[in-house]
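For the record, the sequence lines run as chains V and E. Each residue of the first sequence is one higher than the one before, counting from 1499 in my numbering. Each residue of the second sequence is one higher than the one before, counting from 1499 in my numbering. For every residue, glycine included, the Cβ atom is placed at its ideal position computed from N, Cα and C.
Protein chains: 2
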Amino acid sequence: MSHSDTIIAELRKRGYRITPQREMIIGAIAHSPKHITAEEIAVHLQEHTHAINIATIYRTLDWLWQEGFACRNDLSEGKTVYATLLHGPHVHLVCRKCNQVIDADIGVLSTLGNKLREKYGFDPNLDHFSIFGVCSECQDQ
Amino acid sequence: MSHSDTIIAELRKRGYRITPQREMIIGAIAHSPKHITAEEIAVHLQEHTHAINIATIYRTLDWLWQEGFACRNDLSEGKTVYATLLHGPHVHLVCRKCNQVIDADIGVLSTLGNKLREKYGFDPNLDHFSIFGVCSECQDQ
DNA sequence: TTTACTGCAAATAATTTGCAAAACT
DNA sequence: AGTTTTGCAAATTATTTGCAGTAAA
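Quick look at the structure:
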């Protein structure tokens, strides 16, 4: 059973209706290797099938987020990005020049989490956090 | 010489004109203990003097960012926040519940930076980065 | 058949821009 | 005086919402 099937099954169990639109949007976000915007999903889906209304995409992404199947971040300039909660703790490396987002696994994370809890009583969500900088490709320019 | 005076002096040296509007906006951002939005600056300045047009605030913040005196992040829902580059490397702990931003100094940062450079060739800007989570006050609720 | 979901178009919210008037240097 | 900067209002961009029609269950 693929990742999107798992999500769909669970949503059905919770009493939601699964429409073709929802199925396609869930497929798109579940298979995307990176964070994705509503706009990007719209473009992606238009390649395969008739256009799905952008409002439906926004509503579906928000719904997935509410139901705990997606995370939602404001990474790049004024656009909200979404991703499924597929992976373990990792860092998003956001390139300031080309805006690409690299997922990085980093061992220091648990240490960092403990320090933040100890010193600041802050309970961090380290599943998803973002560091801005310049990626290797853009450094050469 | 205060922090805002330093910025103003440097901008003058670079040939820019310092207007009362710019002076007030720089003062507001330089003395703000936390990241601040254009809207918040507008409200803050309206208490003291006649309103400054919001477009001017946006333009000035962008200009400060371009000139390297402010950082710019998309932390919370659809709003861009700005802050002066006053402190050394630190982490912004953003509370998902009350939206407050705590500045934290963290020793692991240099280690983290080195790992990211080694493993991903990514040059991170660790002066300012953000971790989402729940602050100590909001955990009790 | 019921009522949740979609599409459309209009509404919001944050930010940007063009242009004439105002004001630093 | 000359050019930069501001204010205003209109334009843009991302996102949300109301409502009538459509379709999962």
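Contacting positions in the stretch 1612-1639 of chain E - beta carbon closer than 8 Å to chain V: Lys1613, Leu1614, Lys1617, Tyr1618, Gly1619, Phe1620, Asp1621, Pro1622, Asn1623, Leu1624, His1626, Phe1627, Ser1628, Ile1629, Phe1630, Gly1631, Val1632, Cys1633, Ser1634 and Gln1637
Selection of the stretch 1528-1545 of chain E by Cβ proximity to chain V, strictly under 8 Å: none
Contact check, E:Ile1629 vs V:Phe1627, beta carbons under 8 Å: In contact: E:Ile1629 and V:Phe1627 (Cβ atoms closer than 8 Å).
Residues near E:Arg1570 by beta carbon distance below 7 Å, same chain, minus five either side: Trp1563, Thr1578 and Tyr1580
Chain E contact for V:Gly1576 (CB, 8 Å cutoff): At least one chain E Cβ lies under 8 Å of V:Gly1576.
Beta-ladder partner(s) of E:Leu1591, from DSSP: E:Ile1600 and E:Ile1629
Per-residue DSSP class, three states only, for E:Arg1520: Taken through DSSP and simplified to helix, strand or coil, E:Arg1520 comes out as helix.
Helix, strand or coil at V:Asp1572 [DSSP, three-state]: V:Asp1572 sits in coil when the DSSP states are folded into three classes, being neither helix nor strand.
Check whether E:Ala1507 and E:Thr1582 have beta carbons under 8 Å apart: no
CA-to-CA distance, E:Ser1634 to V:Asn1612, given in whole angstroms: 14 Å
Outcome for E:Thr1558 when other beta-carbon atoms lying within 10 angstroms are tallied against a minimum of 16: buried
Classification of V:Arg1515 by the beta-carbon crowding that lies within 10 angstroms, buried from 16 upward: exposed
Pair within 8 Å by beta-carbon distance, E:His1598 and E:Ile1550: Before going further, note that residue 1598 of chain E is Gln rather than His in the sequence given. For E:Gln1598 and E:Ile1550, no; Cβs fall outside 8 Å.
Cα-Cα separation between E:His1501 and V:Ile1523, rounded to whole angstroms: 49 Å
Outcome for V:Val1541 when other beta-carbon atoms lying within 10 angstroms are tallied against a minimum of 16: exposed
Sub-8 Å separation of E:Ala1526 and E:Leu1509 beta-carbons: no
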